[in-house]
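J.:
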């Protein structure tokens with residue numbers, strides 16, 4: 010059911026210590042209930058790192074990246090990643106050569122709906138569900154604010170949303186989105202060129 014969503018915020022949380030430590034973001038939506046993003050999930054396999062969103066009336070979302078690089082990062086990246094919502098695979102595409110933020114953004118497809126996710130900066134991002142003949146679409150903006158213990162993610166929704174819209178937007182609180190920013194895209198391109206050059210020397 011499409012509904013108007015009251016602005017709300019997610020705040021950092023952590024539980025446990027050592028190997029059993031759990032961290033992420035947590036908050037409550039007046040319409041959809043408690044939202045928990047756990048990031049990263051406790052590692053159980055080598056070369057795999059993941060995050061998860063669950064709680065309230067939102068469909069559960071999971072994001073997982075695989076590869077040697079995952080042993081060196083604190084959050085799953087956009088490389089070799091898989092996104093699932095309610096157990097169903099979400100198709101993802103990215104234009105690594107995009108010039109503008111929207112061109113660099115992710116294209117997602119789920120349940121017959123097309124989405125685009127782009128970064129405003131390293132702390133803030135927007136997910137938009139594209140309009141179609143039956144629905145005018147929706148936009149979920151997540152804005153990072155505050156420092157230290159006052160850090161928070163402020164969530165505002167323009168248009169009438171369904172649970173999938175919020176799940177897809179908020180699971181990215183547990184993802185390294187740096188490659189979607191201009192600086193991150195430049196660093197990623199330089200890294201790829203350096204790797205290709207090194208491989209060509211053998």
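Numbering (my numbering), first residue to last: 10 to 211. Cβ atoms here follow ideal geometry from the backbone N, Cα and C, with glycine treated the same way. Remember, it's a predicted structure, so these values are computed and weren't measured experimentally.
Which same chain residues, not among the five before or five after residue 104, have their C-beta less than 7 Å away from its C-beta?
T.: As a working mapping, residue 104 is identified with position 95 in the chain shown. Result list for residue 104: 112, 113, in chain order.
J.: Name the residue from 159, 177, 131, 176 whose alpha carbon lies nearest to the alpha carbon of residue 191.
T.: Position 182 of the chain shown holds residue 191. Minimum Cα distance to residue 191 is reached at 131.
J.: Are the Cβ atoms of residue 19 and residue 164 separated by less than 8 Å?
T.: By one-based count along the chain shown, residue 19 stands at place 10. By one-based count along the chain shown, residue 164 stands at place 155. Yes, these two residues count as a Cβ contact at 8 Å.
J.: Can you tell me whether residue 51 is buried or exposed, with buried defined as 16 or more other CB within 10 angstroms of its CB?
T.: Here residue 51 is taken as the residue at index 42 of the chain shown, counted from 1. Classification of residue 51: exposed, given that the 10 Å Cβ count is below 16.
J.: If distances are taken between C-alpha atoms only, which option among 186, 122, 31 comes closest to residue 143?
T.: What you label residue 143 is simply residue 134 of the chain shown in a count that begins at 1. Of the candidates 186, 122, 31, the one whose C-alpha sits nearest the C-alpha of residue 143 is 122.
J.: Nearest to residue 150 by alpha carbon, out of 60, 95, 178, 173?
T.: Position 141 of the chain shown, counted from the start, is the residue given in the question as residue 150. Out of 60, 95, 178, 173, 178 has the C-alpha closest to the C-alpha of residue 150.
J.: In this structure, how does DSSP classify residue 152 when only helix, strand and coil are distinguished?
T.: For the purposes of this step, residue 152 is identified with residue 143 of the chain shown, where counting begins at 1. Correct three-state label for residue 152: strand.
J.: Select from 83, 145, 47 the residue whose C-alpha is nearest the C-alpha of residue 170.
T.: Counting from one through the chain shown, the residue named residue 170 turns up at place 161. Closest option to residue 170, Cα to Cα, is 145.
J.: Using DSSP bridges, identify the partner residues of residue 91.
T.: Within the chain shown, the letter at position 82 stands for residue 91. Its beta-bridge partners are 73.
J.: Can you list, in chain order, the residues of its chain whose CB lies under 6 Å from that of residue 155, leaving out five sequence neighbours each side?
T.: As a working mapping, residue 155 is identified with position 146 in the chain shown. Only 161 meet the Cβ criterion.
J.: Round the Cβ separation of residue 110 and residue 124 to the nearest angstrom and send it over; I've been treating them as touching at under 8 Å.
T.: As a working note, residue 110 is residue 101 in the chain shown. As a working note, residue 124 is residue 115 in the chain shown. Actually they are not in contact, since the Cβ atoms of residue 110 and residue 124 sit about 15 Å apart, beyond 8 Å.
J.: For residue 64 versus residue 43, is the C-beta distance shorter than 8 Å?
T.: Counting from one through the chain shown, the residue named residue 64 turns up at place 55. Counting from one through the chain shown, the residue named residue 43 turns up at place 34. Yes.
J.: Could you check what DSSP says for residue 65 in three-state terms: helix, strand or coil?
T.: Locating residue 65 in the chain shown gives position 56, counting from the first residue. Coil.
J.: Short of 6 Å in beta carbon distance, which residues of its chain neighbour residue 86, apart from the five on each side in sequence? Order them along the chain.
T.: The sequence position of residue 86 within the chain shown is 77, counting from 1. If we look at residue 86 and ignore the five residues flanking it on each side, its Cβ neighbours are 74, 185.
J.: On the DSSP bridge assignment, give the partners of residue 123 in chain order.
T.: Counting from 1 along the chain shown, the entry for residue 123 is found at position 114. Answer is 118.
J.: Would you mind working out which of 84, 69, 89, 102 sits nearest residue 96, comparing C-alpha positions?
T.: As a position in the chain shown, residue 96 is number 87, starting the count at 1. Comparing Cα-Cα distances from residue 96 to each of 84, 69, 89, 102, the minimum goes to 69.
J.: Keeping to the same chain, check which residues put their C-beta closer than 6 Å to that of residue 91; ignore five residues upstream and five downstream.
T.: As a working note, residue 91 is residue 82 in the chain shown. Hits under 6 Å: 73.
J.: Under a three-way DSSP split, which group does residue 96 fall into?
T.: To locate residue 96, count along the chain shown from 1; it is residue 87. In the structure shown, residue 96 sits in coil (DSSP, three-state: anything other than H, G, I, E or B).
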